[in-house]
């Protein structure tokens, strides 16, 4: 179900990105990257735990936050290498990536507990 929600969110965003222009397009690209960054982070985290490189506790405390923040920040390097104007509001694009990441992360948390007594949505 998580994959279906991911694809169902991603496809309309791609069409929206195609239609938008300028800064709005770039903002939506960063938002979409946030969704992709979550999928990448989840895959890397599962790989690390699944192959016994780290324990769940080590992952939660030290590795997962670093992996997640790095994946969210990767596209911000775009500004470092391409922007001659240093007044670009890079914070807005970082926030867009963070919001995209958070939305996808919350979908997974909600779906994991769906139908349980302590589900956030009963």
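In the working numbering, the protein residues as written are 29 to 150. Just so you know, even glycine gets a beta-carbon here, dropped at the ideal spot from N, CA and C.
Practice problem: Flag this pair as yes or no: are the beta carbons of residue 125 and residue 65 separated by less than 8 Å? | Solution: By one-based count along the chain shown, residue 125 stands at place 97. By one-based count along the chain shown, residue 65 stands at place 37. Against a cut-off of 8 Å, the Cβ pair of residue 65 and residue 125 comes out as a contact.
Quiz prompt | Cβ separation of residue 87 and residue 77, assumed to be a contact under 8 Å, to the nearest whole Å | solution = Against the chain shown, residue 87 aligns to sequence position 59. Against the chain shown, residue 77 aligns to sequence position 49. Correct: roughly 6 Å between the Cβ atoms.
Quiz item: What residue does the alpha helix (DSSP H) around residue 107 start on, and which one ends it?
Solution: By one-based count along the chain shown, residue 107 stands at place 79. 105 to 110 is the extent of the alpha helix (DSSP H) around residue 107.
Quiz item: From which residue to which residue does the alpha helix (DSSP H) around residue 93 run?
Solution: As a first step, residue 93 is located in the chain shown; it is residue number 65 there, counting from the start. Element bounds for residue 93: 92 to 101.
Quiz item: Under three-state DSSP, which class holds residue 127?
Solution: Numbered from 1 along the chain shown, position 99 holds the residue referred to as residue 127. Shown here, residue 127 sits in a helix according to DSSP, grouped into three states.
Quiz item: In whole angstroms, what separates the C-alpha of residue 50 from that of residue 57?
Solution: Translated into the one-based positions of the chain shown, residue 50 becomes position 22. Translated into the one-based positions of the chain shown, residue 57 becomes position 29. Taken atom to atom, the span from the alpha-carbon of residue 50 to that of residue 57 is near 11 Å.
Quiz prompt | Closest by C-alpha distance to residue 34, when choosing among 142, 136 and 110 | solution = Taking the chain shown and counting its residues from 1, the one referred to as residue 34 is at position 6. Taking only the C-alpha atoms, the option nearest residue 34 is 136.
Exercise. Mind reading off the beta-carbon distance from residue 128 to residue 60? Whole number of angstroms is fine, and I expect it under 8 Å.
Key: Walking along the chain shown from the start, residue 128 turns up at place 100. Walking along the chain shown from the start, residue 60 turns up at place 32. Between residue 128 and residue 60 a beta carbon distance of about 6 Å is seen, short of the 8 Å cut, so the two are scored as contacting.
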